[in-house]
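Q: Before we start, here is the structure in question, set down as structure tokens.
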Amino acid sequence: MACAAAVVAGTLLLHPSARGQQYVPTDPQEHPRLDYGNSVVTLNDRCPVRQAKLNPTYRPVYVNRRPVAFCCMTCAGVFVQDPERYLKALQITPPSLFQKGNKPILDSSLRYRIGFEIYYFSNRAEMDRFKKEPLRYCGDLTDPVTMVRFQPTATSPHIVYANRTYFFASDSSLTQFLEKPEQHKDRRNGMN
1 MACAAAVVAG
11 TLLLHPSARG
21 QQYVPTDPQE
31 HPRLDYGNSV
41 VTLNDRCPVR
51 QAKLNPTYRP
61 VYVNRRPVAF
71 CCMTCAGVFV
81 QDPERYLKAL
91 QITPPSLFQK
101 GNKPILDSSL
111 RYRIGFEIYY
121 FSNRAEMDRF
131 KKEPLRYCGD
141 LTDPVTMVRF
151 QPTATSPHIV
161 YANRTYFFAS
171 DSSLTQFLEK
181 PEQHKDRRNG
191 MN
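Structure (structure tokens):
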């Protein structure tokens, strides 16, 4: 039994880079960004929490459909507690979700979440527009159980839990979420 636990722990530590993340050459060289494929490059060039080099092993948090990467397993869970603080410290403003949209304001009153994704808006009207048609604007989402990235549709399984909408890549993910919602409702670390 102890051997099996060690194998599982070792597997978690050796989690492969998802979707082939690789470093993108930048200046200064000690702080390269990460490319997640399809020209989706991180908003940040260093961990927003610890200011350290980004590690491609850990999953990012998506802000306005763009990845924010981290240096270690714990930083994602810290970041999501107060994303405005960390984005402002790195002087990062995510792009608008709308064509010809205004620059988003990093303020919790203009923040909206769908599952693990975070969205910012320039004003309340933009936020209301997004809320009316979230599937039109949200882009790919992260399944909160399997961590698979997928494009949600009107037929995707979804629920509202603790005042937040969650979409799932499959019915089985929704079932697992409902069995232990507190375990899956928030981003805790770089693995989930």
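Letter by letter, the sequence shown follows residues 1 to 192 in UniProt numbering.
Using N, Cα and C, we set each Cβ at its ideal position, and we do this for glycine too.
Source: prediction; values computed, not measured.
Would you mind sorting threonine 26 into buried or exposed? The rule is 16 or more other CB atoms within 10 Å of its CB.
A: So threonine 26 ends up on the exposed side.
Q: Terminal residues of the continuous alpha helix (DSSP H) containing phenylalanine 167?
A: Per DSSP, phenylalanine 167 belongs to no alpha helix (DSSP H); it is in the beta strand (DSSP E), 164-167.
Q: Measuring CB atoms only, is the segment 114-129 touching the segment 139-151, in the sense that at least three cross pairs come out at less than 8 Å?
A: With the cut-off at 8 Å, the segment 114-129 and the segment 139-151 touch.
Q: Distance check for arginine 187 and arginine 149, CA to CA, integer angstroms please.
A: Approximately 14 Å between the Cα atoms of the pair.
Q: Pull up the distance between the alpha-carbon of arginine 129 and that of lysine 103, whole angstroms please.
A: Answer to the nearest angstrom: the Cα atoms are 15 Å apart.
Q: How about proline 83 and valine 61: are their beta carbons less than 9 Å apart?
A: Yes, they are a contact pair.
Q: Got a sec? Which residues, its chain only, sit under 7 Å from proline 162 by beta carbon, not counting five neighbours each side?
A: It is worth fixing the name first, because residue 162 is alanine in this sequence and not proline. These residues qualify, in order along the chain: Lys185.
Q: How many Å lie between alanine 125 and phenylalanine 168 at the Cα?
A: The alpha-carbon atoms of alanine 125 and phenylalanine 168 are separated by roughly 27 Å.
Q: Measure the beta-carbon distance from proline 157 to aspartate 171 and round it to whole angstroms, keeping in mind my assumption that it falls under 8 Å.
A: Between aspartate 171 and proline 157 the Cβ distance is about 5 Å, and since that is below 8 Å, they are a contact.
Q: Provide the residue span of the alpha helix (DSSP H) that contains residue 275, from first to last.
A: Absent from the structure is residue 275, since the part of the chain shown begins at 1 and ends at 192.
Q: Kindly indicate which three-state DSSP category tyrosine 58 falls into: helix, strand or coil?
A: Tyrosine 58: coil per DSSP, three-state reduction.
Q: Please classify leucine 178: does DSSP put it in a helix, a strand, or coil?
A: Here leucine 178 sits in helix by DSSP.
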